[in-house]
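K.L.:
Before I ask anything, here is the structure I am working with.
Residue numbers (my numbering), protein chains in the order written: chain F, 103 to 376; chain U, 1331 to 1344.
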């Protein structure tokens, strides 16, 4: 028996919006600790990892580990039927071939019930090493979204150059070039507007904007985004940690006492000159 | 010309 109740159903809507254009089919792994999902896009260029802690739900019951394979476009279509202020309840029986979604209106006078067929997915699960990255940039998520969108007008790739005092995003293409430079901000009253850089060494790497624009669809989930990178490892060395992680924390929107209840992490390798 | 590496070449299959 699996049952998860989320008063802020809008969080699930935002999560689906953040992954459905990147990944078509994926499995939710449900355990007593929470729900998680890991999947690559169809071209296997990027990886997305979503985690929701059990204590982020208002009610969570998972008697035994379950894998719920589903088409995310179908799930997204059904989740869209929930109002933003609905409570969403996910239910699955043991060994069932479907899950039930219940949408409860705030005044509890209306309950909608939908079922989604589950799929048996032959998913490839990748082990992500727990590593530290040499460069970490925290910045407003809407600013990152804007930069990726604007630079897509100029070129296919963004070059991120990071030094202690600031970070520069640049693109070049047939029509010309463009760049945006963000300085590290002093401690401010509004932490959501701050730009924070922590680094061991300077870095300059290029990434495909097509994927970063997909990742930026997670913007409504979090006011800040974290970019974690490490400088290029010389050719022939294991490239193990040479990926960029774009991370959005998932918070409940409790104004008085907001807390992190999970995350979305996207992994992308840098573009390398041929 | 830039090439894009696949992400599964970075992480180990479990």
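Every residue gets a Cβ at the ideal spot worked out from N, C-alpha and C, and that includes glycine.
Along chain U, which residues have their Cβ under 7 angstroms away from the Cβ of residue 146(F)?
P.N.:
Neighbours of residue 146(F) on chain U, chain order: 1336, 1337 and 1338.
K.L.:
Roughly how far, in whole angstroms, is the beta-carbon of residue 294(F) from the beta-carbon of residue 326(F), given that I think they are within contact range, below 8 angstroms?
P.N.:
Confirmed, about 6 angstroms.
K.L.:
Quick check on residue 233(F): does DSSP put it in helix, strand or coil?
P.N.:
In the structure shown, residue 233(F) sits in coil (DSSP, three-state: anything other than H, G, I, E or B).
K.L.:
Going by the beta-carbon positions, is the gap between residue 249(F) and residue 269(F) smaller than 7 angstroms?
P.N.:
No, Cβ-Cβ distance for residue 249(F) and residue 269(F) is not below 7 angstroms.
K.L.:
Do you know how far the Cα of residue 288(F) is from the Cα of residue 179(F)?
P.N.:
For residue 179(F) and residue 288(F), the distance between alpha carbons rounds to 43 angstroms.
K.L.:
What whole-angstrom Cβ distance do residue 191(F) and residue 210(F) have, given they're in contact under 8 angstroms?
P.N.:
Their Cβ separation, rounded to whole angstroms, is 12 angstroms, which puts residue 191(F) and residue 210(F) out of contact at 8 angstroms.
K.L.:
Taking 7 angstroms as the CB-CB cut-off, is residue 262(F) touching chain U?
P.N.:
No, residue 262(F) does not count as interfacial toward chain U.
K.L.:
Run through DSSP, which three-state label would residue 110(F) get?
P.N.:
In the structure shown, residue 110(F) sits in coil (DSSP, three-state: anything other than H, G, I, E or B).
K.L.:
Can you tell me whether residue 156(F) is helix, strand or coil according to DSSP?
P.N.:
Helix.
K.L.:
Within 10 angstroms of the Cβ of residue 360(F), are there 16 or more other Cβ atoms? Answer buried if so, exposed if not.
P.N.:
Exposed.
K.L.:
Just to confirm the assignment: which complete beta strand (DSSP E) runs, minimum length 3, are found wholly within the stretch 126-200 of chain F?
P.N.:
Within the stretch 126-200 of chain F, the complete beta strand (DSSP E) runs of at least 3 residues are 127-133, 136-142, 148-155, 161-164, 168-173 and 189-194.
K.L.:
Give the range of the beta strand (DSSP E) segment to which residue 218(F) is assigned.
P.N.:
First-last of the beta strand (DSSP E) with residue 218(F): 213-219.
K.L.:
Tell me whether the stretch 342-354 of chain F and the stretch 133-147 of chain F touch, counting them as touching only if at least three CB pairs, one residue from each stretch, are closer than 8 angstroms.
P.N.:
With the cut-off at 8 angstroms, the stretch 342-354 of chain F and the stretch 133-147 of chain F do not touch.
K.L.:
By a C-beta neighbour count over all protein chains shown, 10 Å radius and 16 as the cutoff for buried, is residue 106(F) buried or exposed?
P.N.:
By the 10 Å Cβ count, residue 106(F) comes out buried.
K.L.:
Is it a yes or a no for the stretch 108-127 of chain F touching the stretch 183-203 of chain F, going by three-plus beta-carbon pairs under 8 angstroms?
P.N.:
Taking 8 angstroms as the limit for Cβ pairs, the verdict is that the stretch 183-203 of chain F does touch the stretch 108-127 of chain F.
K.L.:
Return the chain-ordered list of same chain residues with a C-beta closer than 7 angstroms to the C-beta of residue 365(F), the five sequence neighbours on each side being excluded.
P.N.:
Excluding positions up to five away in sequence, the list reads 153, 349, 350, 351 and 352.
K.L.:
Whole angstroms is fine: what's the gap from residue 332(F)'s alpha carbon to residue 174(F)'s?
P.N.:
One C-alpha to the other measures close to 32 angstroms.
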